[in-house]
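J.:
Number of protein chains: 2
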Amino acid sequence: MSNAVDIRTLDPVSEEPVSRQERKQRTRQALLDTALDLLADRPFATLSLREVAKGAGLVPTAFYRHFASMEELGVALVEEATRTLRGMMRSARTDPDTYQGMISASVATVHQFVRANEDHFRFLTRERYGGGPLARAIAVELRMFSGDLAIDLARFAPLRAWSTEDLHMLADLIVSVMITTTVELLEAKPGEDAKITGTAEKRLRLILLGIPRWKTS
Amino acid sequence: MSNAVDIRTLDPVSEEPVSRQERKQRTRQALLDTALDLLADRPFATLSLREVAKGAGLVPTAFYRHFASMEELGVALVEEATRTLRGMMRSARTDPDTYQGMISASVATVHQFVRANEDHFRFLTRERYGGGPLARAIAVELRMFSGDLAIDLARFAPLRAWSTEDLHMLADLIVSVMITTTVELLEAKPGEDAKITGTAEKRLRLILLGIPRWKTS
DNA sequence: GGTTACAGTGAACGACTGTACACTGAACAG
DNA sequence: CTGTTCAGTGTACAGTCGTTCACTGTAACC
Numbered sequence: 001m002s003n004a005v006d007i008r009t010l011d012p013v014s015e016e017p018v019s020r021q022e023r024k025q026r027t028r029q030a031l032l033d034t035a036l037d038l039l040a041d042r043p044f045a046t047l048s049l050r051e052v053a054k055g056a057g058l059v060p061t062a063f064y065r066h067f068a069s070m071e072e073l074g075v076a077l078v079e080e081a082t083r084t085l086r087g088m089m090r091s092a093r094t095d096p097d098t099y100q101g102m103i104s105a106s107v108a109t110v111h112q113f114v115r116a117n118e119d120h121f122r123f124l125t126r127e128r129y130g131g132g133p134l135a136r137a138i139a140v141e142l143r144m145f146s147g148d149l150a151i152d153l154a155r156f157a158p159l160r161a162w163s164t165e166d167l168h169m170l171a172d173l174i175v176s177v178m179i180t181t182t183v184e185l186l187e188a189k190p191g192e193d194a195k196i197t198g199t200a201e202k203r204l205r206l207i208l209l210g211i212p213r214w215k216t217s
Numbered sequence: 001m002s003n004a005v006d007i008r009t010l011d012p013v014s015e016e017p018v019s020r021q022e023r024k025q026r027t028r029q030a031l032l033d034t035a036l037d038l039l040a041d042r043p044f045a046t047l048s049l050r051e052v053a054k055g056a057g058l059v060p061t062a063f064y065r066h067f068a069s070m071e072e073l074g075v076a077l078v079e080e081a082t083r084t085l086r087g088m089m090r091s092a093r094t095d096p097d098t099y100q101g102m103i104s105a106s107v108a109t110v111h112q113f114v115r116a117n118e119d120h121f122r123f124l125t126r127e128r129y130g131g132g133p134l135a136r137a138i139a140v141e142l143r144m145f146s147g148d149l150a151i152d153l154a155r156f157a158p159l160r161a162w163s164t165e166d167l168h169m170l171a172d173l174i175v176s177v178m179i180t181t182t183v184e185l186l187e188a189k190p191g192e193d194a195k196i197t198g199t200a201e202k203r204l205r206l207i208l209l210g211i212p213r214w215k216t217s
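Residue numbers (this note's numbering), protein chains in the order written: chain A, 1 to 217; chain B, 1 to 217.
#1: Spatial neighbours of Ser2(B) within its chain, please: C-beta separation below 6 Å, excluding the five flanking residues on both sides.
#2: Excluding the five sequence neighbours on either side, which residues of its own chain have a C-beta within less than 8 Å of the C-beta of Leu173(A), listed in chain order?
#3: Can you name, in chain order, every residue of its own chain whose Cβ lies under 8 Å from the Cβ of Gly130(B), other than the five neighbours on each side?
#4: Taking C-alpha atoms, which residue in Leu134(B), Thr180(B), Val175(B), Thr197(B) lies nearest to Glu80(B)?
#5: Is there a C-beta anywhere in chain A that falls below 7 Å from the one on Arg93(B)?
#6: Is there a C-beta anywhere in chain B that falls below 7 Å from the one on Pro43(A)?
#7: On a CA-only basis, which of Ala194(B), Gln112(B), Val175(B), Ala137(B) is nearest Leu153(B)? Give me that one, please.
#8: If I follow the unbroken alpha helix (DSSP H) through His66(A), where does it start and stop?
#9: Are Ala56(A) and Thr34(A) touching if we call contact CB-CB under 7 Å?
#10: If we call anything under 7 Å between Cβ atoms a contact, is Leu58(A) one with Phe67(A)?
#11: Considering only residues of the same chain and omitting the five flanking positions on each side of Asp37(A), which have a CB-CB separation below 8 Å?
#12: Taking 8 Å as the threshold, find out whether the region 187 to 196 of chain B comes into contact with the region 179 to 192 of chain A through three or more Cβ pairs.
#13: Can you confirm whether the region 91 to 108 of chain B touches the region 22 to 30 of chain B when touching is taken to mean that 3 or more C-beta pairs between the two stretches lie within less than 8 Å?
#14: Pick out the complete alpha helix (DSSP H) segments inside the region 101 to 148 of chain B, 4 residues or longer, and give them in chain order.
#15: Answer with yes or no whether the minimum CB distance from Tyr129(B) to chain A is below 7 Å.
#16: Is there at least one Cβ from chain B nearer than 7 Å to Lys195(A)'s Cβ?
#17: Return the CA-CA distance between Leu149(B) and Met70(A), expressed in angstroms with no decimal places.
#18: Give every residue of the same chain whose Cβ lies closer than 8 Å to the Cβ of Arg205(A), excluding the five residues on either side of it in the sequence, and list them in chain order.
#19: Strictly below 7 Å CB to CB, what residues from chain B border Met102(A)?
#20: Does the beta-carbon distance from Ala157(A) to Thr181(A) come in below 7 Å?
#21: Scan the region 147 to 196 of chain A and note each continuous alpha helix (DSSP H) run of 4 residues or more that stays entirely inside, going in chain order.
#22: Count the other CB atoms, across all protein chains shown, that sit within 10 Å of the CB of Gly151(A); report buried if there are 16 or more and exposed otherwise.
#23: If distances are taken between C-alpha atoms only, which option among Thr164(A), Phe123(A), Leu77(A), Val177(A) comes closest to Val110(A)?
#24: Can you tell me whether Thr82(B) is buried or exposed, with buried defined as 16 or more other CB within 10 angstroms of its CB?
#25: According to the Cβ coordinates, are Ile138(A) and Leu124(A) closer than 7 Å?
#26: Compute the Euclidean distance between the alpha carbons of Arg50(B) and Lys195(A), then round it to the nearest angstrom.
#27: Arg213(B): which of Trp162(B), Arg122(B), Lys202(B), Leu47(B) sits nearest, CA to CA?
#28: Can you tell me whether DSSP reads Gly57(A) as helix, strand or coil?
#29: Quick one: is Ala4(B) buried, meaning 16 or more other Cβ sit within 10 Å of its Cβ, or exposed?
#30: Near Val52(A), what residues of its chain come up, given a Cβ to Cβ distance below 8 Å and the 5 sequence neighbours on each side ignored?
#31: Please work out which residues of its chain come closer than 7 Å, Cβ to Cβ, to Phe121(A), disregarding the five sequence neighbours upstream and downstream, and give them in chain order.
#32: Quick one: residues in its chain with C-beta nearer than 7 Å to the C-beta of Thr167(B), no 5 flanking neighbours on either side, listed in chain order?
#33: According to DSSP, is Pro12(B) part of a helix, a strand, or is it coil?
#34: Comparing the C-beta of Gly147(A) with each C-beta of chain B, is any distance below 7 Å?
#35: Can you find a CB in chain B that lies within less than 7 Å of the CB of Arg203(A)?
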């Protein structure tokens, strides 16, 4: 009566016997993946331990072999999505020579990363404002993101003389434009990407136009 | 054994006998109010019909006398919160003579309305990104908000020549700054208000500084 | 080769969920 | 005064929830 399946026969590619801890890590990842799937159209707080376990092909109690609670899985999800976010920031960090080059390159990077990791960005933007501990964890990460951006901005000649407070103000503003753009991309119907990225570039260009006239405090 | 209480004796102020439909409207409002209370630290989707009913002093089944489902209550909540939002927009619509005057007045209005209606703004910002039908309804409302702002902006001399597309781009940018400011206010610890509104004014000032140099398309 | 560690199973629990149904009593219309 | 309307009650049911506990089989260890 057992409908259990020998996992080793499932994937014809990996014939080598997988170690036990490797298998454990795989099911852990399966739990994270199905959770992310289920989160496509609902907030994290509505996920039940049971449906995540079922989605990963597990009996409910087996869940506890990997996470002590759903909240702990949520934290792991934040870490995973955050890794993607940091990857994006690393990709965006270039030393372009012109404003326009910097703008279009940054927007293109955001566009590319959002489209390649929709689940992660949807999760981050959803839960950022959802309240609870996840929102706080994501807020901390975004502040780091913004702080790093401020440091990068400080290297640009027109911003050399700016106070650190004003640099943070500018960085936050840019980040908020990027978040807005991300949400727009995630809610967009197919074919609207070009328009969204175009508007995003405009917004950044307008902001940067104000820089030369700014009197820092 | 009945612990029912004659409602008319509860409030010593309103002695006059209230009509039936008036009473119905009161309990309906009680349902909305307790829902808003419970939403202080969790997303709407986690609210149960039973706890909202209990919070309003009702037996679960009585809930259906007022709303066909929790989702319908959510829609009513969006309408209520949206009314506050429109009130804010109406208050902010002045014809100031200077940029700086317009900026500080607008930020002050946002500050005042957010502090006076924290529940409504928390609900709106939380559910805006929470997915589901509520998020869509709120998104529609915010687009209207942004559209109205674009029309207002069109009256300013420096923006007379701008294309409507660019005006919408600018309006969206300003709205996104206002939303960011609202979230910051709602997450602020006591005493941080001045700093937050100050930063908000800076962000708007920076944006407006770019306007004269903008070449509209 | 015998023993241990441990990922996953399956049954059971008490609490909570939305909803159906028959009801009560007071405000209302005639 | 009489009959109707209807906001609110109480009971009940079928699901789902998180969590417990004793268990099984196999990879890993000595």
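Ideal placement from N, C-alpha and C gives every residue a C-beta, glycine not left out.
T.: Let me spell this out:
#1: By one-based count along the second sequence, residue 2(B) stands at place 2. In this predicted model, Ser2(B) has a pLDDT of only 36, less than 50, meaning its place in the structure is not dependable enough to derive any value.
#2: What you label residue 173(A) is simply residue 173 of the first sequence in a count that begins at 1. Excluding positions up to five away in sequence, the list reads Ile207.
#3: The residue given as residue 130(B) occupies position 130 in the second sequence. Taken in chain order, the residues that qualify are Pro43, Phe44, Ala45.
#4: As a first step, residue 80(B) must be located in the second sequence, where it is residue number 80. Measuring from the Cα of Glu80(B), the nearest candidate turns out to be Leu134(B).
#5: Along the second sequence, one-based indexing puts residue 93(B) at 93. No, its Cβ sits nowhere closer than 7 Å to a Cβ of chain A.
#6: The sequence position of residue 43(A) within the first sequence is 43, counting from 1. With 7 Å as the cut-off, Pro43(A) counts as an interface residue toward chain B.
#7: Along the second sequence, one-based indexing puts residue 153(B) at 153. Checking every option, the nearest Cα to that of Leu153(B) belongs to Val175(B).
#8: Along the first sequence, read from residue 1 onward, the residue named residue 66(A) stands at position 66. From DSSP, His66(A) is part of no alpha helix (DSSP H); its letter is neither H nor E.
#9: Within the first sequence, the letter at position 56 stands for residue 56(A). Within the first sequence, the letter at position 34 stands for residue 34(A). In this structure, Thr34(A) lies closer than 7 Å to Ala56(A) by Cβ.
#10: On the first sequence, residue 58(A) is found 58 positions in, with the first residue counted as 1. On the first sequence, residue 67(A) is found 67 positions in, with the first residue counted as 1. Contact: no.
#11: Here residue 37(A) refers to the residue found at position 37 when the first sequence is read from its first residue. Hits under 8 Å: Gly55, Asp119.
#12: The region 187 to 196 of chain B and the region 179 to 192 of chain A do not touch, with fewer than 3 CB-CB distances between them shorter than 8 Å.
#13: Contact between the region 22 to 30 of chain B and the region 91 to 108 of chain B is absent, because fewer than three Cβ pairs lie under 8 Å.
#14: Taking only runs of at least 4 residues, the alpha helix (DSSP H) segments lying wholly in the region 101 to 148 of chain B are 118 to 128.
#15: Stepping through the second sequence from its first residue, residue 129(B) is reached at position 129. Judged by the 7 Å Cβ criterion, Tyr129(B) is in contact with chain A.
#16: Within the first sequence, numbered from 1, the residue matching residue 195(A) stands at position 195. Put simply, the CB of Lys195(A) is far from chain B, with every gap to its CB atoms at 7 Å or more.
#17: Position 149 of the second sequence, counted from the start, is the residue given in the question as residue 149(B). Position 70 of the first sequence, counted from the start, is the residue given in the question as residue 70(A). Straight-line Cα distance between these residues: approximately 42 Å.
#18: Position 205 of the first sequence, counted from the first residue, corresponds to residue 205(A). Sequence-distant partners of Arg205(A) (beyond 5 residues in either direction) whose C-beta falls short of 8 Å from its own C-beta, in its chain, are Tyr99, Gln100, Ile103.
#19: As a first step, residue 102(A) is located in the first sequence; it is residue number 102 there, counting from the start. In chain order: nothing, as chain B lies at least about 16 Å away.
#20: The residue given as residue 157(A) occupies position 157 in the first sequence. The residue given as residue 181(A) occupies position 181 in the first sequence. Not closer than 7 Å, so no.
#21: Inside the region 147 to 196 of chain A, DSSP marks whole alpha helix (DSSP H) runs of 4 or more residues at positions 164 to 187, from first to last along the chain.
#22: Position 151 of the first sequence holds residue 151(A). The displayed chain sequence assigns Ile, not Gly, to residue 151(A). Flag for Ile151(A) reads exposed.
#23: Start at 1 with the first residue of the first sequence, and residue 110(A) comes out as number 110. Val110(A) has its Cα closest to that of Val177(A), out of Thr164(A), Phe123(A), Leu77(A), Val177(A).
#24: In the second sequence, counting from the first residue as 1, residue 82(B) sits at position 82. Taking all protein chains shown into account, Thr82(B) has 16 or more neighbouring C-beta atoms within 10 Å of its C-beta and is therefore buried.
#25: In the first sequence, residue 138(A) corresponds to position 138, counting from 1. In the first sequence, residue 124(A) corresponds to position 124, counting from 1. Yes, these two residues count as a Cβ contact at 7 Å.
#26: Numbered from its first residue, the second sequence carries residue 50(B) at position 50. Numbered from its first residue, the first sequence carries residue 195(A) at position 195. Answer to the nearest angstrom: the Cα atoms are 45 Å apart.
#27: Locating residue 213(B) in the second sequence gives position 213, where the first residue counts as 1. Per the Cα distances, Trp162(B).
#28: As a position in the first sequence, residue 57(A) is number 57, starting the count at 1. Here Gly57(A) sits in coil by DSSP.
#29: Working through the second sequence from its first residue, we reach residue 4(B) at position 4. Model confidence at Ala4(B) stands at a pLDDT of 36, short of 50, so the residue's coordinates are unreliable and nothing is read from them.
#30: Counted from its first residue, the first sequence places residue 52(A) at position 52. Around Val52(A): Leu31, Thr34, Ala35, Leu38, Phe63, Met70, Leu73.
#31: Your numbering for residue 121(A) matches position 121 in the first sequence. If we look at Phe121(A) and ignore the five residues flanking it on each side, its Cβ neighbours are Val114, Thr182, Leu186.
#32: Here residue 167(B) is taken as the residue at index 167 of the second sequence, counted from 1. The sequence shown places Leu at residue 167(B), rather than the Thr named in the question. The answer, listed in chain order, is Ala150, Leu153, Ala154, Leu159.
#33: As a working mapping, residue 12(B) is identified with position 12 in the second sequence. For Pro12(B), the predicted model reports a pLDDT of 41, less than 50, meaning its position is unreliable; a value from the coordinates is still stated below. In the three-state DSSP reduction, Pro12(B) falls in the coil class, being neither helix nor strand.
#34: Position 147 of the first sequence, counted from the start, is the residue given in the question as residue 147(A). Output row for Gly147(A): interface = no.
#35: Locating residue 203(A) in the first sequence gives position 203, counting from the first residue. Interface with chain B (7 Å Cβ-Cβ cutoff): Arg203(A) is included.
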